[in-house]
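First residue of the sequence shown: 3, per my numbering; consecutive thereafter.
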Amino acid sequence: MEYNLYFEFSSIILLITLITALIVRRVSRGRTNTLFVLLLYSLLFTAIVDVIEVFSDSISIKYILNYLYFIIRNGTPLLYILFLISYIGIWHRLRGFGSLFFFTVIPYVIDLMVIALNPVFNSVFYIDSECEYHRGGLIYILYVIAFYYAALSLAIIIHNRKLIAIREKVILSVFQPFVSVAVLAQMLWPSFRIEIFGTTIFVVLMAVGVHKPEVYMDNVVGISTNAGFLIDIKKTLLAGRPVAVIIFKYTNYAILRESIGFELYSKLTRKLADKLKQINSLTGSKAELYYLDKGTYAVIASYTKYNMIYNFGRMLTDYVRSPIKLDIMEVKLDSRVCLINCPSDISNADAFIDFVNALEFRVPEDDNLVILADVSESKEFKMRNDMNTIIGRGISGHNFQMYYQPIYSIEKKRYTSAEALIRLIDEEYGFVSPALFIPVAEVTGAIHQIGDYVIDEVCRFISSDAYKALGLDYIEINLSVAQCIEADLPDKFRTAMEKYGISPSQINLEITETAADYDPAVTDHNIAVLSDMGFAFSLDDYGTGYSNIKRVVTLPLDIVKLDKCLVDDMNNETMWIVIKNTVSMLKNMNKKILVEGVEQKEALERFSELGCDYIQGFYFSKPLPEREFLRFIRRMEGEKSE
3 MEYNLYFEFS
13 SIILLITLIT
23 ALIVRRVSRG
33 RTNTLFVLLL
43 YSLLFTAIVD
53 VIEVFSDSIS
63 IKYILNYLYF
73 IIRNGTPLLY
83 ILFLISYIGI
93 WHRLRGFGSL
103 FFFTVIPYVI
113 DLMVIALNPV
123 FNSVFYIDSE
133 CEYHRGGLIY
143 ILYVIAFYYA
153 ALSLAIIIHN
163 RKLIAIREKV
173 ILSVFQPFVS
183 VAVLAQMLWP
193 SFRIEIFGTT
203 IFVVLMAVGV
213 HKPEVYMDNV
223 VGISTNAGFL
233 IDIKKTLLAG
243 RPVAVIIFKY
253 TNYAILRESI
263 GFELYSKLTR
273 KLADKLKQIN
283 SLTGSKAELY
293 YLDKGTYAVI
303 ASYTKYNMIY
313 NFGRMLTDYV
323 RSPIKLDIME
333 VKLDSRVCLI
343 NCPSDISNAD
353 AFIDFVNALE
363 FRVPEDDNLV
373 ILADVSESKE
383 FKMRNDMNTI
393 IGRGISGHNF
403 QMYYQPIYSI
413 EKKRYTSAEA
423 LIRLIDEEYG
433 FVSPALFIPV
443 AEVTGAIHQI
453 GDYVIDEVCR
463 FISSDAYKAL
473 GLDYIEINLS
483 VAQCIEADLP
493 DKFRTAMEKY
503 GISPSQINLE
513 ITETAADYDP
523 AVTDHNIAVL
533 SDMGFAFSLD
543 DYGTGYSNIK
553 RVVTLPLDIV
563 KLDKCLVDDM
573 NNETMWIVIK
583 NTVSMLKNMN
593 KKILVEGVEQ
603 KEALERFSEL
613 GCDYIQGFYF
623 SKPLPEREFL
633 RFIRRMEGEK
643 SE
């Protein structure tokens, strides 16, 4: 019998090209990728064996090659089923020798048993003395099992259709029927070797339309992308697959990216990915690794490997706790590492993604591995996760209150102003720290409504007779990043002042360098307009690590507020030199200097000796509600007059 081998040669060329492409692109890692590559190898091997068998003149070699062909070729449908199960995300259902395992694996075992009987009964095939190949009666069992696998794949796809996109569902659904037609064609016309070619064409289609690991692989860091993570976590949670997930995020990524430059930041990204790979290997977790961008990484492992993934988290936490060395410099990560058990901790994909995006707001700052199950019942965690509702309730229920912290003038030896500070008293959680609700409000946009409330409430207070009787010069209002870029910010102040009949000189506006640099064009315009209206400005948090002298020079600042961190380090001789020179520089620029966070008399005396102008801190008073603030200033003025 003469054979047409053009299809076999074409299959070999296509398969070698596809396998090489996957290996070169480093997208052959992971269970799903490995199974797909094994599927390609099985097809390549059977195509090569088929070609060699045709050209062989040895009966014994023909027997060996045919046995290899049947063992590998009949394993191809099983490999496809396993790939399908892994791709869909229901691999966990194979464990425990359940029904899926039985219906998936046992048919191939029957294949092997039938093939094993052939040397005795020639029941599958035999080679005659003329080296001609002949089929046996039991070979049709192998065909029946092949068609069974086709039906099983369709059943799996239909049963798990919610886990698969429509286009992918269509391609995967026609795989086995398409291959079955090719098998049937070769069964009817043995010389027409189209079975392997038909299967090869379809796996190429799968590589293009379904299994596209290169799309979900970040070739720079060598692990999966955010797109791959979104697909995998959705499949995992929809399928109810028990997994342990580590989310690692360093929240100072934006500052690092700006301060160390693109090249070093890229090196940091790769270095952290390489560390995840190393830990993955050391712990034996066999976890899937992802880089989600913006300083965020994810690790997903089977829950059966919980101890390994726990050790993974501990090792990662220990690593990022210390500065990371990059060439000749070191960087410190402000990181969170959280271990989440799914679906027990989080069972909904959207909720999980929302949790990851807001990790720094949801998980308390901790140098250790945070296990979500251990903290999820705490009041702080519930408060963090309910923050959007708390803020909304605060706005609608008028739960926000203004507190005022007195500011002491060293020259006048009395309180001459105060800083207005927003506070939130929730009906369910009680006092909610601004450190918790303000960052969330800035992300959600609620900060605009809160800012409007602050402007109106402070202006109302300044216009009151009780305030006027205090004889204070002004009240300081903090402007958030979001407020600084509001196009109508000057109009808001103009409206409030007209409403309450006060002047701009009675308000001092505080901005941070972060706010000033966020959108310089809009911010500078707003500052210029407000300055022309008569408002004075203070620069808050000076000395926190990224202070920009240029901003101090260019902005119309009356006051520079030295951050509490400088007060805390005043006993450090080297830092005290820095503080003295900073104060001297600012005084030479004709800036008033306010020192924040003063809690002890020693600090008051030392900064007074330096020539600082104002002191603010717990040494004099904590922030007080309006009525308590009024009583405090009256009492202090009364004591002074006695």
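No residue lacks a Cβ here, since even glycine has one placed at the ideal position from N, Cα and C.
Exercise for the section: Starting from residue 408, trace the beta strand (DSSP E) both ways and give me its first and last residue. Expected result: Translated into the one-based positions of the sequence shown, residue 408 becomes position 406. 402 to 411 is the extent of the beta strand (DSSP E) around residue 408.
Handout entry: Identified DSSP bridge partners for residue 340
Key = Residue numbering aside, residue 340 sits at position 338 when the sequence shown is read from its first letter. Paired residues: 249 and 372.
Handout entry: Nearest neighbour of residue 594, chosen from 544, 628, 627 and 630 [CA to CA]
Key = By 1-based counting over the sequence shown, the position of residue 594 is 592. Residue 544 is the option with its Cα nearest to residue 594.
Practice task
State the start and end residues of the unbroken alpha helix (DSSP H) segment that holds residue 621.
Solution key: Position 619 of the sequence shown, counted from the first residue, corresponds to residue 621. First-last for residue 621: undefined, no H or E at that position.
Handout entry: Under 9 Å between C-beta atoms of residue 151 and residue 109
Key = On the sequence shown, residue 151 is found 149 positions in, with the first residue counted as 1. On the sequence shown, residue 109 is found 107 positions in, with the first residue counted as 1. Yes. Within cutoff.
Practice task
Please report the Cβ distance between residue 20 and residue 86, rounded to the nearest whole angstrom; I am assuming they are in contact, meaning their Cβ atoms lie under 8 Å.
Solution key: Stepping through the sequence shown from its first residue, residue 20 is reached at position 18. Stepping through the sequence shown from its first residue, residue 86 is reached at position 84. Their Cβ separation, rounded to whole angstroms, is 18 Å, which puts residue 20 and residue 86 out of contact at 8 Å.
Exercise for the section: Could you pull the start and end residues of the alpha helix (DSSP H) that residue 111 belongs to? Expected result: As a working mapping, residue 111 is identified with position 109 in the sequence shown. Residues 101 to 123.
Problem - Pick from 50, 538 and 345 that is closest to residue 507, judged by C-alpha positions - result: Taking the first residue of the sequence shown as 1, we reach residue 507 at position 505. Nearest C-alpha to residue 507: 538.
Handout entry: 4-residue-minimum alpha helix (DSSP H) runs that sit fully inside the region 116 to 172, ordered along the chain
Key = 141 to 161
Exercise for the section: Tell whether a beta-carbon distance below 9 Å holds between residue 303 and residue 290. Expected result: For the purposes of this step, residue 303 is taken as residue 301 along the sequence shown, with counting starting at 1. For the purposes of this step, residue 290 is taken as residue 288 along the sequence shown, with counting starting at 1. Yes; because the gap between Cβ atoms is below 9 Å, this pair is in contact.
Practice task
Tell me whether residue 36 counts as near the ligand MG, meaning its Cβ is closer than 8 Å to at least one heavy atom of that ligand.
Solution key: The model depicted lacks the ligand MG and carries no ligand whatsoever.
Practice task
Give every residue of the same chain whose Cβ lies closer than 8 Å to the Cβ of residue 124, excluding the five residues on either side of it in the sequence, and list them in chain order.
Solution key: Looking up residue 124 in the sequence shown gives position 122. Contacts found: 138.
Practice task
Since I believe residue 361 is in contact with residue 344 (beta carbons under 8 Å), could you give me their beta-carbon distance rounded to a whole number of angstroms?
Solution key: To locate residue 344, count along the sequence shown from 1; it is residue 342. To locate residue 361, count along the sequence shown from 1; it is residue 359. Actually they are not in contact, since the Cβ atoms of residue 344 and residue 361 sit about 15 Å apart, beyond 8 Å.
Practice task
Use the C-beta contact count for residue 461: other C-beta atoms within 10 angstroms, 16 or more gives buried, fewer gives exposed.
Solution key: Indexing the sequence shown from 1 puts residue 461 at position 459. Buried is the call here.
Problem - In DSSP terms, what residue 433 is bridged to - result: Indexing the sequence shown from 1 puts residue 433 at position 431. Per DSSP, 427.
Exercise for the section: Helix, strand or coil for residue 480, going by three-state DSSP, please let me know. Expected result: Along the sequence shown, one-based indexing puts residue 480 at 478. In this structure, residue 480 counts as strand in the three-state DSSP scheme.
Exercise for the section: In the DSSP assignment, find the beta strand (DSSP E) that holds residue 512 and state where it starts and stops. Expected result: For the purposes of this step, residue 512 is identified with residue 510 of the sequence shown, where counting begins at 1. It spans 509 to 513 - the beta strand (DSSP E) in which residue 512 sits, taken as one unbroken run.
Practice task
Check residue 488 in the structure and name its three-state DSSP category.
Solution key: Numbered from its first residue, the sequence shown carries residue 488 at position 486. Here residue 488 sits in coil by DSSP.
Practice task
Measure the CB-CB distance between residue 1 and residue 459 and report whether it falls below 9 Å.
Solution key: For residue 1 there is no data in the structure shown, the boundaries of the chain being 3 and 644.
Practice task
Indicate whether the contact test is met: 3 or more Cβ pairs, each with one atom in the region 265 to 282 and one in the region 381 to 394, closer than 8 Å.
Solution key: no
Practice task
Kindly list the residues whose CB is nearer than 6 Å to the CB of residue 624, restricted to its own chain and excluding five residues on each side of it in sequence; keep chain order.
Solution key: In the sequence shown, residue 624 corresponds to position 622, counting from 1. Within the same chain, residue 624 has no close Cβ partners at all.
Exercise for the section: Go through its chain and collect everything with a Cβ distance to residue 644's Cβ below 7 Å, but skip five positions before and after it. Expected result: The residue you call residue 644 lines up with position 642 of the sequence shown. Only weak support is given to the placement of residue 644: the predicted model assigns it a pLDDT of 49, under 50, and the value that follows is read from those uncertain coordinates. Excluding residues within five positions, none has a Cβ falling inside 7 Å.
Practice task
Indicate the three-state DSSP secondary structure (helix, strand or coil) for residue 540 in the structure shown.
Solution key: As a working note, residue 540 is residue 538 in the sequence shown. In the structure shown, residue 540 sits in a strand (DSSP, three-state: E or B).
Handout entry: Helix, strand or coil at residue 345 according to DSSP, with G and I counted as helix
Key = As a working mapping, residue 345 is identified with position 343 in the sequence shown. It is coil, neither helix nor strand.
Problem - Neighbourhood of residue 598 by C-beta distance below 7 Å, restricted to the same chain and skipping five residues each side - result: Counting from one through the sequence shown, the residue named residue 598 turns up at place 596. Within the same chain, residue 598 has close Cβ partners 563, 564, 565, 566, 618 and 619.
Practice task
Return yes when the Cβ of residue 568 is within less than 9 Å of the Cβ of residue 579, no when it is not.
Solution key: Indexing the sequence shown from 1 puts residue 579 at position 577. Indexing the sequence shown from 1 puts residue 568 at position 566. No. Outside cutoff.
Problem - Own chain residues within Cβ distance below 6 Å of residue 147, not counting five before or after - result: Position 145 of the sequence shown holds residue 147. 109 and 113, listed in sequence order.
Practice task
Starting from residue 260, follow the alpha helix (DSSP H) in both directions and report where the run begins and ends.
Solution key: Against the sequence shown, residue 260 aligns to sequence position 258. Start and end: 255 to 262.
Practice task
Would you kindly check if the distance between the Cβ of residue 577 and the Cβ of residue 555 is under 9 Å?
Solution key: Residue mapping note: residue 555 aligns to position 553 of the sequence shown, counting from 1. Residue mapping note: residue 577 aligns to position 575 of the sequence shown, counting from 1. No; because the gap between Cβ atoms is not below 9 Å, this pair is not in contact.
Practice task
Report back the beta-carbon spacing between residue 165 and residue 229 to the nearest angstrom; my notes put them in contact at under 8 Å.
Solution key: The residue labelled residue 165 in the question sits at position 163 within the sequence shown. The residue labelled residue 229 in the question sits at position 227 within the sequence shown. Going by Cβ atoms, the distance from residue 165 to residue 229 rounds to 16 Å, so no, they are not a contact pair.
Problem - Three CB pairs or more closer than 8 Å across the region 400 to 412 and the region 351 to 370 - result: no
Practice task
Return the chain-ordered ranges of every alpha helix (DSSP H) run that is complete within the region 55 to 96 and spans a minimum of 4 residues.
Solution key: 61 to 75 and 78 to 90
Practice task
Taking 8 Å as the threshold, find out whether the region 274 to 288 comes into contact with the region 117 to 136 through three or more Cβ pairs.
Solution key: no
Exercise for the section: Leaving aside the five residues before and after residue 514 along the sequence, list all residues of the same chain whose C-beta is less than 7 Å from its C-beta, in chain order. Expected result: In the sequence shown, the residue the question calls residue 514 occupies position 512. 542 and 543.
Problem - Contact the region 198 to 212 vs the region 222 to 236: 3+ CB pairs below 8 Å - result: no
Exercise for the section: Consult DSSP for residue 500 and reduce its assignment to one of helix, strand or coil. Expected result: Working through the sequence shown from its first residue, we reach residue 500 at position 498. The answer is helix: DSSP assigns residue 500 an H, G or I state.
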